[in-house]
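So the structure is just underneath, and the comments pick up after that.
Residue numbers (our numbering): 8 to 156.
Quick look at the structure:
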């Protein structure tokens, strides 16, 4: 069995990728190939798995949490995750805080962040151009589940 670290896993879509411990191409991970609860799979988790050649490259099967001491992980810059829960919701319990959350924004927050991004990246954009771009970005974000509302 191979050992690797989960690079990312999207529980909504049911797939992600594993970086093998000894390097090489990332291995595709699908929820159907897990021998552990899907909630155990999160970025940074060490797993052991079988490697198969799939239609589109390497694919993991028989995925389970790795046993024994794990190699150290070099810290990587990871953007903070945002919770889809309203701001007035109670503080999550310790166990709930460990669970990965989906980076979903409300339409207003997404629009504000996109406007700031466009203004800093291309200050010469006109107001009309920004409005059209924001509208398309919100539609795109909703289609991919990044924007709610």
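We put the beta carbon where it would ideally sit given N, CA and C, even for glycine.
In or out: residue i buried (at least 16 other Cβ within 10 Å) or exposed?
{"i": "residue 55", "result": "buried"}
{"i": "residue 48", "result": "buried"}
Using alpha carbons as the reference points, say which of the options lies closest to residue i.
{"i": "residue 69", "options": "50, 34, 63", "result": "34"}
{"i": "residue 27", "options": "48, 44, 57, 131", "result": "57"}
{"i": "residue 9", "options": "18, 22, 133, 74", "result": "74"}
{"i": "residue 16", "options": "135, 51, 66, 141", "result": "51"}
{"i": "residue 19", "options": "38, 126, 135, 137", "result": "38"}
{"i": "residue 13", "options": "129, 53, 63", "result": "53"}
Any idea what DSSP makes of residue i, helix, strand or coil?
{"i": "residue 154", "result": "strand"}
{"i": "residue 49", "result": "coil"}
{"i": "residue 20", "result": "coil"}
{"i": "residue 42", "result": "coil"}
{"i": "residue 29", "result": "coil"}
{"i": "residue 131", "result": "coil"}
{"i": "residue 139", "result": "helix"}
Keeping to the same chain, check which residues put their C-beta closer than 7 Å to that of residue i; ignore five residues upstream and five downstream.
{"i": "residue 145", "result": "114, 117, 118, 154"}
{"i": "residue 148", "result": "117, 154"}
{"i": "residue 140", "result": "125"}
{"i": "residue 137", "result": "122, 125"}
Between residue i and residue j, which are expected to be in contact by the criterion C-beta below 8 Å, what is the C-beta distance as a whole number of angstroms?
{"i": "residue 22", "j": "residue 41", "result": "Between residue 41 and residue 22 the Cβ distance is about 11 Å, and since that is not below 8 Å, they are no contact."}
Leaving out the 5 sequence neighbours to the left and right, which residues in its chain are closer than 8 Å to residue i when beta-carbon positions are compared?
{"i": "residue 59", "result": "65, 66, 67, 68"}
{"i": "residue 72", "result": "43, 47, 52, 53, 54, 55"}
{"i": "residue 132", "result": "125, 126, 140"}
Which residues in the same chain as residue i place their Cβ atom closer than 6 Å to its Cβ, once the five residues preceding and following it in sequence are excluded?
{"i": "residue 83", "result": "For residue 83, the predicted model reports a pLDDT of 41, less than 50, meaning its position is unreliable; a value from the coordinates is still stated below. For residue 83, where only same-chain residues beyond five positions count, there are no Cβ hits under 6 Å."}
{"i": "residue 106", "result": "The pLDDT assigned to residue 106 is 42, lower than 50, so where the model puts this residue is not dependable, and the model offers no usable value."}
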